[in-house]
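Structure first, commentary second.
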Amino acid sequence: MTVWDRPEPPTRPAPLDRERIVAAAVALADEGGLEAVSLRKVAARLDVGPMRLYGYISTKEELFDLMVDEVHAEILPEEQPGDWREALRVHAHRTRQATLRHEWLADLLGGRPTLGPNALAVTEATLAALDGLADLDTVMRAVETVSAYFTGAIRREIANLRAERATGLSKRDWQRAFGPHVRRMLDTGRFPALAKVVYDGTEVDAEESFATGLDWVLDAVAAKLARPPA
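Residue numbers for the sequence shown, in my numbering: 124 to 353.
What follows is the structure, encoded as structure tokens:
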């Protein structure tokens, strides 16, 4: 029986439920990452004994599942987008925004599908927007392709934010610190293509980079959806 199907125990002797447990776990993760979350620490945050939690959650993995589903409530669109492209764009941007609020989510994105009610509702909204546009396999590949893009892009952005905190160097500070080394390497003439990017390329922020890449992926998906079946 999954955590979604298992009934909650009675609330005596002190009021407790999965909603409170998950809220405490999310707060701990927001403060210190997934490594800050354990059933013992959640119990302490709720001022109950650790054994009380085992009536509601069997393992830390179940707790993570519940936490991910809780955040999916923030990803679920407030209303169904008008077309498939907007639906996928909204899904991507809302996932990025939710992850910037809850950085630990980046560590749990991807992999096996999440099966909680909020995550299933997000998936349903996405698939419903593409229903009937192509055969089912093409639709699934389209969703997987967009998901692979934004998952990778979000993880890269979060990794950069963590690196800034870990080193105490902003992106600009890091560039200044390593600039002399990069220039020496480029001056060897061994990396002409890279030199062109470094000296002539336009730097954009993470949000613009994310949006541009997403539009390119959506253009590719549109081409596949427009192609008549073989």
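Built from N, CA and C at the ideal position, the CB exists for glycine as well. For clarity, every value in this text was computed on a predicted model and none was experimentally measured.
- Between R212 and L348, the gap from beta carbon to beta carbon reaches 8 Å or more.
- E193 is classed as buried because its beta carbon has at least 16 other beta carbons within 10 Å across all chains shown.
- Contact between the region 270 to 282 and the region 214 to 231 is present: 3 or more CB-CB pairs across the two stretches fall below 8 Å.
- In terms of CA proximity to E326, K294 leads the group A196, V305, K294.
- Taking every protein chain shown into account, the CB of A346 has fewer than 16 other CB atoms within 10 angstroms, so this residue is exposed.
- By the neighbour-count criterion, in which a residue is buried when 16 or more other Cβ atoms sit within 10 angstroms of its Cβ, T218 is buried.
- Residues of the same chain with a CB within less than 7 Å of the CB of A166, apart from the 5 flanking positions on each side, are G172, P173, R175, L176 in chain order.
- In this structure, the beta-carbon distance from V320 to L309 does not fall below 8 Å.
- Across the structure, M124 and E185 are spaced so that their CA atoms are roughly 12 Å apart.
- Approximately 6 Å separates the beta-carbon atoms of P200 and A248; this is inside 8 Å, confirming the contact.
- The distance from the Cβ of V191 to that of A265 is about 23 Å, inconsistent with a contact at the 8 Å cut-off.
- Inclusion of R168 and L151 in the CB contact set at 8 Å is warranted, their separation being smaller than that value.
- In this structure, the CA atom of L189 is about 17 Å from the CA atom of R224.
- The beta carbon of I144 sits closer than 8 Å to the beta carbons of V165, L169, L176, Y179, I180, L186, L189 from its chain, once the five residues preceding and following it are set aside; these are given in chain order.
- In the DSSP assignment, R212 falls within the alpha helix (DSSP H) that extends over 207 to 224.
- Annotation for R299: the continuous alpha helix (DSSP H) segment containing it runs 294 to 309.
- Counting C-beta pairs with one atom in each stretch, the region 234 to 245 and the region 255 to 265 have fewer than three that are closer than 8 Å, which means they do not touch.
- Beta-carbon to beta-carbon, A210 and A252 are separated by about 3 Å, close enough to satisfy the 8 Å threshold.
- Per DSSP, the unbroken alpha helix (DSSP H) holding E287 starts and ends at 259 to 290.
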